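1 is the number of the first residue of the sequence shown in the UniProt record's numbering; add one for each residue after it.
Beta carbons are placed, not taken as given, at the ideal position from N, Cα and C, and that holds for glycine.
No experiment lies behind these values; they were computed from the predicted model shown.
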Amino acid sequence: MYLNHPRYGDKPIITNTSSTIEAIENAHWRYSSLKYFPNTVIFADIKKQNYAIYPRALYVDIEEKCRACSKAFIFFAQEQQYWFEVLGFWVDSHCTHCFECRKHARYILTLRKRYDMLTSLADKTPSEKTQRKELANTLYCLGIIKNINKVKD
1 MYLNHPRYGD KPIITNTSST IEAIENAHWR YSSLKYFPNT VIFADIKKQN YAIYPRALYV
61 DIEEKCRACS KAFIFFAQEQ QYWFEVLGFW VDSHCTHCFE CRKHARYILT LRKRYDMLTS
121 LADKTPSEKT QRKELANTLY CLGIIKNINK VKD
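What follows is the structure in structure tokens.
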């Protein structure tokens, strides 16, 4: 039913932490408007969060729909805790793409950065010219470069 996440799986991760529906929905303003799994509660460490007005008091596994592929996936409570308490994302941000689409976006970004770096070189070696042409072709096939004929040496 849900896309697989390589670290967390494809099913809600049940915890032994109990909480009321009211406490969950008061833990963050978005929770009341989402499908969440109430038996997946992890309490938050508010001191580690970045927030303007309201922190997240706890995390629960949330059902999301990927904006890129439109498939359902779970934004896991453990993943939220990592995003907000370790990586320092703002607590009002949320996951809009599934793991595979995020991975694909990072891959494209890496290709584009390498292509841009090679493009900016004034004097390219034959190897760099070849790499740039190969990257241009890959980016064209991925739909990033729209007109391969405009790509120059």
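| request: May I have the straight-line CA-CA distance separating S32 from A23, to the nearest angstrom? | output: To locate residue 32, count along the sequence shown from 1; it is residue 32. To locate residue 23, count along the sequence shown from 1; it is residue 23. Rounded to whole angstroms, S32 to A23 spans 10 Å at the Cα level.
| request: Tell me, please, which residues DSSP counts as bridged to G9. | output: Here residue 9 refers to the residue found at position 9 of the sequence shown. G9 pairs with H5.
| Are the CB atoms of K48 and E85 nearer to each other than 8 Å? | In the sequence shown, counting from the first residue as 1, residue 48 sits at position 48. In the sequence shown, counting from the first residue as 1, residue 85 sits at position 85. Yes, these two residues count as a Cβ contact at 8 Å.
| said: Can you give me the C-alpha to C-alpha distance between W83 and P126, rounded to a whole angstrom? | reply: Numbered from 1 along the sequence shown, position 83 holds the residue referred to as residue 83. Numbered from 1 along the sequence shown, position 126 holds the residue referred to as residue 126. Taking the CA atoms as reference points, W83 sits about 42 Å from P126.
| query | Taking just the CA atoms, how far does D45 sit from H94? | reply | Position 94 of the sequence shown, counted from the start, is the residue given in the question as residue 94. Position 45 of the sequence shown, counted from the start, is the residue given in the question as residue 45. In this model, H94 and D45 are separated by some 18 Å (Cα to Cα).
| For L111, which residues of its own chain have a beta-carbon under 7 Å away from its beta-carbon, when the five flanking residues on both sides are left out? | What you label residue 111 is simply residue 111 of the sequence shown in a count that begins at 1. The beta carbon of L111 is closer than 7 Å to those of L135, T138, L139 in its chain, skipping five residues each way along the sequence.
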